[in-house]
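Under our numbering, think of the first position of the sequence shown as 8, with each following residue one higher. Backbone N, C-alpha and C fix where the C-beta goes; we use that ideal spot for every residue, glycine too. None of these values were measured; they are calculated from a predicted model. So the structure is just underneath, and the comments pick up after that.
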Amino acid sequence: MEQVGDFSEQKLLLQAVFERSFEAIVIIDRALRFVEVNPSACELFGSTKEQLIGQSLADFFTSPLNLEGQDITRVKIRHSQDIIKTVEYSEVKNLFSEYNLLVFRDVTNLQRAAEAELHRQHQRVKLFSDVTLKIRQSLQLKEILHTAVTEVQRILQADRVLIYQVFANGTGMPISEAVLPDYDPILGVEFPEEVFPEEYREMYAGGRVQAIANVHDADTGLAECLVEFMDEWMVKAKLIVPILQNLKSPTDEHQSPDRLWGLLIAHQCATPRQWTNFELELMEQLADQIGIALSQGELLENLEDLVEERTTKLREVNRNLQQEIKDRLDAEAALRRSEEQLRLIANGLPVLIAYVDKHQRYRFNNEVYQTWLGLSPSKIHNCHLEKVHGEEEYQQIREYVGKALSGKTVTYETDIVLLDGCMHSLSVTYIPHFNERKKNVVRGFFALTSDISDRKAIERMKDEFISVVSHELRTPLTSIHSSLKILATGKLGNLSSKGQRMLKIADEQTERLVRLVNNVLDLQSIQSGKAKMNKTACNATDLMIEAAQTMQTMAQERGVKLFAESVNFLVWADRDYIVQTLTNLLSNAIKFSPPDSTVWLSAKRKRQRRTTVSKKSIPYITFEVKDQGQGIPTNQLESIFERFQQVDSSDSRKKGGTGLGLAICRQIIEEHDGKIWAESCVGKGSTFYFTLPAVI
Ligand code: ADP
Numbered sequence: 008m009e010q011v012g013d014f015s016e017q018k019l020l021l022q023a024v025f026e027r028s029f030e031a032i033v034i035i036d037r038a039l040r041f042v043e044v045n046p047s048a049c050e051l052f053g054s055t056k057e058q059l060i061g062q063s064l065a066d067f068f069t070s071p072l073n074l075e076g077q078d079i080t081r082v083k084i085r086h087s088q089d090i091i092k093t094v095e096y097s098e099v100k101n102l103f104s105e106y107n108l109l110v111f112r113d114v115t116n117l118q119r120a121a122e123a124e125l126h127r128q129h130q131r132v133k134l135f136s137d138v139t140l141k142i143r144q145s146l147q148l149k150e151i152l153h154t155a156v157t158e159v160q161r162i163l164q165a166d167r168v169l170i171y172q173v174f175a176n177g178t179g180m181p182i183s184e185a186v187l188p189d190y191d192p193i194l195g196v197e198f199p200e201e202v203f204p205e206e207y208r209e210m211y212a213g214g215r216v217q218a219i220a221n222v223h224d225a226d227t228g229l230a231e232c233l234v235e236f237m238d239e240w241m242v243k244a245k246l247i248v249p250i251l252q253n254l255k256s257p258t259d260e261h262q263s264p265d266r267l268w269g270l271l272i273a274h275q276c277a278t279p280r281q282w283t284n285f286e287l288e289l290m291e292q293l294a295d296q297i298g299i300a301l302s303q304g305e306l307l308e309n310l311e312d313l314v315e316e317r318t319t320k321l322r323e324v325n326r327n328l329q330q331e332i333k334d335r336l337d338a339e340a341a342l343r344r345s346e347e348q349l350r351l352i353a354n355g356l357p358v359l360i361a362y363v364d365k366h367q368r369y370r371f372n373n374e375v376y377q378t379w380l381g382l383s384p385s386k387i388h389n390c391h392l393e394k395v396h397g398e399e400e401y402q403q404i405r406e407y408v409g410k411a412l413s414g415k416t417v418t419y420e421t422d423i424v425l426l427d428g429c430m431h432s433l434s435v436t437y438i439p440h441f442n443e444r445k446k447n448v449v450r451g452f453f454a455l456t457s458d459i460s461d462r463k464a465i466e467r468m469k470d471e472f473i474s475v476v477s478h479e480l481r482t483p484l485t486s487i488h489s490s491l492k493i494l495a496t497g498k499l500g501n502l503s504s505k506g507q508r509m510l511k512i513a514d515e516q517t518e519r520l521v522r523l524v525n526n527v528l529d530l531q532s533i534q535s536g537k538a539k540m541n542k543t544a545c546n547a548t549d550l551m552i553e554a555a556q557t558m559q560t561m562a563q564e565r566g567v568k569l570f571a572e573s574v575n576f577l578v579w580a581d582r583d584y585i586v587q588t589l590t591n592l593l594s595n596a597i598k599f600s601p602p603d604s605t606v607w608l609s610a611k612r613k614r615q616r617r618t619t620v621s622k623k624s625i626p627y628i629t630f631e632v633k634d635q636g637q638g639i640p641t642n643q644l645e646s647i648f649e650r651f652q653q654v655d656s657s658d659s660r661k662k663g664g665t666g667l668g669l670a671i672c673r674q675i676i677e678e679h680d681g682k683i684w685a686e687s688c689v690g691k692g693s694t695f696y697f698t699l700p701a702v703i
């Protein structure tokens with residue numbers, strides 16, 4: 008610092024500072040007694056200089072005096088009139104050797120102001136948190152808004168507080184209001200667009216707050232129409248704070264922009280009003296809270312909608328589930344009923360019904376197993392066929408089981424002694440059960456066994472009857488035939504030409520009757536197993552030539568050419584029966600051929616599968632008798648092998664047939680383990696085939 012004046016002048020200067028300083032300056036001795044004080048110090052301590060000099064400074068302090076503390080220390084001192092003052096003091100150390108200089112500043116007012124501010128702030132925070140709490144506690148939008156306007160009106164002592172909602176089309180309307188009884192409510196009145204134009208909306212959307220102390224002040228910049236509108240509602244001053252809604256949902260990652268939801272408006276109607284910062288702040292903070300509450304309310308509403316929607320869906324699912332359960336229970340009951348019915352039927356039918364799985368174990372048996380065979384269905388359930396029926400019987404049925412499990416329906420007959428001790432003839436059918444999805448996979452088979460003893464007995468009686476009748480007919484027929492032959496020789500007298508014609512008819516019909524009786528007896532003896540097949544290795548050509556020679560005369564009579572192929576095969580057969588078969592087929596071929604046509608007789612060697620189980624093939628010879636005759640309709644190619652079946656029922660009379668020829672042929676061929684069948688084209692001719700095992 009530049010030196011001012013000489014020493015005496017400096018002394019004067021210091022003296023002036025000492026006297027005029029607003030700070031209280033005191034000089035104390037080592038015993039803390041006042042040595043010198045300035046006027047400000049007298050004022051601070053409330054005593055005259057004279058009173059202070061010699062007094063201890065410590066007496067004025069409310070707490071022990073500590074001069075070794077910080078540079079500036081704030082303490083409380085007691086004024087002489089018992090007024091407590093807050094002072095800050097600093098000590099100027101080592102200025103004098105005997106004394107200390109202390110400078111005091113009275114900060115009582117400052118302290119009070121700070122405390123008052125703190126208190127006010129505390130009050131505001133409390134007020135704000137009280138209102139916020141009230142708003143937050145309201146869950147319904149209407150309640151939130153009502154709480155907000157009521158609280159703002161109460162705190163601000165405004166004449167009217169309203170919440171104006173801005174609609175998407177730019178218009179809007181007060182939807183909540185707290186108004187003193189002296190003024191008209193504005194609730195539900197739609198504001199015309201001109202009093203709330205687009206630029207206002209943009210301004211508020213940007214968060215601008217408008218505090219207008221007097222709507223009639225020219226510098227407010229309010230549009231004339233708005234001022235008129237304000238007058239209509241007697242508004243003198245207004246405070247407008249935007250309510251912005253943040254649409255961010257808790258799951259959104261990015262902050263979305265705020266939307267102007269509405270305005271929180273306070274009106275003063277009685278007089279103009281200067282809005283304080285605190286009021287502005289309060290309104291702003293409340294508007295924020297409303298915004299947050301709105302978002303939360305919306306979320307809650309969405310959540311409620313969602314819950315409602317989910318509940319409806321769940322109810323629907325539940326209803327469907329209940330229905331499904333009911334349907335299932337109904338279906339199960341129906342299934343049980345139908346199962347019960349099936350069981351009743353299965354047990355009531357006079358047949359053995361079983362299901363055998365692919366491992367040849369019984370999986371189902373009806374109760375007839377118990378009554379016929381003495382086998383309890385529950386005991387044989389899951390048991391292997393061999394275990395149930397014993398090894399011997401199993402060996403007999405094994406082939407049929409194999410066929411059924413390879414996917415073929417198989418039927419066989421067997422004689423067995425049942426529980427009643429009698430021998431019964433049974434017909435057994437195995438029907439394969441295929442996998443529903445993999446159609447060629449067999450899962451097992453159904454076994455149906457019916458008692459055919461009665462049918463067999465009737466058949467036997469019928470056969471016996473036919474046999475007896477035929478035998479009884481044969482003897483008189485032979486003598487009638489011989490007598491007719493003798494008559495025809497004319498040795499017993501000449502007959503008139505009419506008589507000779509009658510004799511010829513009688514002779515032909517007798518011959519037919521003889522054939523019929525012979526055929527019946529033949530069929531009977533083969534079927535009953537009485538006819539023994541003496542099988543030897545026979546040359547196929549020899550068999551064909553012998554048959555052709557037999558039929559040569561008949562062919563010539565009818566003008567039919569007969570060709571027999573020469574082959575070099577040996578077949579395993581009963582010579583006479585096979586010649587009979589070939590003769591029969593040739594006879595038919597000639598019979599049904601027109602004159603000048605040809606009948607061929609031939610044989611071919613082929614291989615055929617022996618059984619589906621062994622899959623081994625054996626060689627066999629196929630004989631063919633082919634004609635160019637009238638042919639056979641396709642639907643009768645099978646039935647003509649049955650007894651007395653003819654394509655045309657008049658054939659027997661016209662062609663002299665018996666309807667038994669093909670039935671006998673089939674019986675003979677089946678006795679040779681062969682097959683017989685026909686192919687034909689109506690009007691073009693027929694071919695009859697039969698197979699015999701070849702001799703290798
Ligand atoms: P039938 O003694 O009547 O010939 P079959 O059993 O030998 O008795 O023949 C049965 C029927 O089959 C015949 O009546 C005939 O209708 C028909 N049939 C057999 N062979 C032939 C053939 N080669 N051409 C046309 N029809 C035939």
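Residue environment for residue 673: buried (at least 16 other C-beta atoms within 10 angstroms of its C-beta). The Cβ neighbour count for residue 273, taken over all protein chains shown within 10 Å, is at least 16; the residue is labelled buried. Rounded to the nearest angstrom, the gap between the Cα atoms of residue 142 and residue 320 is 33 Å.
For residue 215, the three-state secondary structure derived from DSSP is coil.
The C-beta distance from residue 522 to residue 665 rounds to 6 Å, short enough to meet the 8 Å contact threshold. As for any beta strand (DSSP E) of minimum length 3 sitting wholly inside the segment 256 to 324, the runs are 265 to 275, ordered along the chain. Short of 7 Å from the beta carbon of residue 88, and not among the five residues preceding or following it, lie these beta carbons of its own chain, in chain order: 53.
Straight-line spacing of the CA atoms in residue 373 and residue 430 works out to 21 Å. By the neighbour-count criterion, in which a residue is buried when 16 or more other Cβ atoms sit within 10 angstroms of its Cβ, residue 512 is exposed. Our two residues, residue 25 and residue 126, have alpha carbons roughly 37 Å apart in a direct line.
Three or more beta-carbon pairs drawn from the segment 27 to 45 and the segment 109 to 121 are found closer than 8 Å, and the two stretches are therefore classed as touching.
Fewer than three beta-carbon pairs drawn from the segment 519 to 533 and the segment 545 to 561 are found closer than 8 Å, and the two stretches are therefore not classed as touching. One Cα belongs to residue 185, the other to residue 229, and the distance between them is close to 24 Å. Under DSSP, residue 15 takes part in no beta bridge, so it has no partner.
Rounded to the nearest angstrom, the Cβ distance from residue 69 to residue 85 is 6 Å, consistent with a contact under 8 Å.
Within a 10 Å sphere around the beta-carbon of residue 237 sit 16 or more other beta-carbons, which makes this residue buried. Annotation for residue 36: 42, 105 and 106 place their beta carbon closer than 7 Å to its own, counting only its chain and skipping 5 residues before and after. Cβ neighbours of residue 590 within its own chain (closer than 7 Å, five residues either side excluded): 554, 557 and 558. Judged by beta-carbon spacing, residue 162 lies within the 8 Å limit of residue 134, meaning their Cβ atoms are closer than that value.
The ligand ADP approaches residue 670 closely enough that one of its heavy atoms is under 7 Å from the residue's Cβ. Nearest to residue 458 by C-alpha distance, out of 442, 468 and 423, is 423. Considering only 433, 702, 312 and 190, the residue with the shortest C-alpha distance to residue 612 is 702.
Under the 8 Å Cβ criterion, the segment 237 to 254 counts as touching the segment 291 to 310, having at least three qualifying pairs. For residue 665, the Cβ falls inside the 7 Å cut-off from some heavy atom of the ligand ADP. Ranked by how close their Cα comes to the Cα of residue 470, the residues 637, 527, 83 and 282 have 527 in first place. About 12 Å separates the CB atoms of residue 370 and residue 391; that is not less than 8 Å, and the two are not in contact. Nearest to residue 598 by alpha-carbon distance, out of 638, 480, 165 and 177, is 638. By the criterion of a C-beta distance shorter than 6 Å, residue 39 is surrounded in its chain by 63, 64 and 65, once the five residues flanking it on both sides are discounted. Counting the other CB atoms within 10 Å of its CB gives residue 697 a total of 16 or more, which places it among the buried residues. Per DSSP, reduced to three states, the secondary structure at residue 225 is helical.
If you compare the alpha carbons of 695, 453 and 269 with that of residue 177, the shortest gap goes to 269. With a cut-off of 8 Å on Cβ pairs, the segment 434 to 448 is in contact with the segment 407 to 415, counting three or more such pairs. The Cβ neighbour count for residue 467, taken over all protein chains shown within 10 Å, is under 16; the residue is labelled exposed. In terms of Cβ geometry, residue 275 and residue 166 form a close pair [threshold 8 Å]. Set against 7 Å, the gap from the CB of residue 676 to the closest heavy atom of the ligand ADP is not smaller. Excluding sequence positions up to five before and after residue 432, its CB lies within less than 6 Å of the CB of 422, 459, 460 and 463, all in the same chain and listed in chain order.
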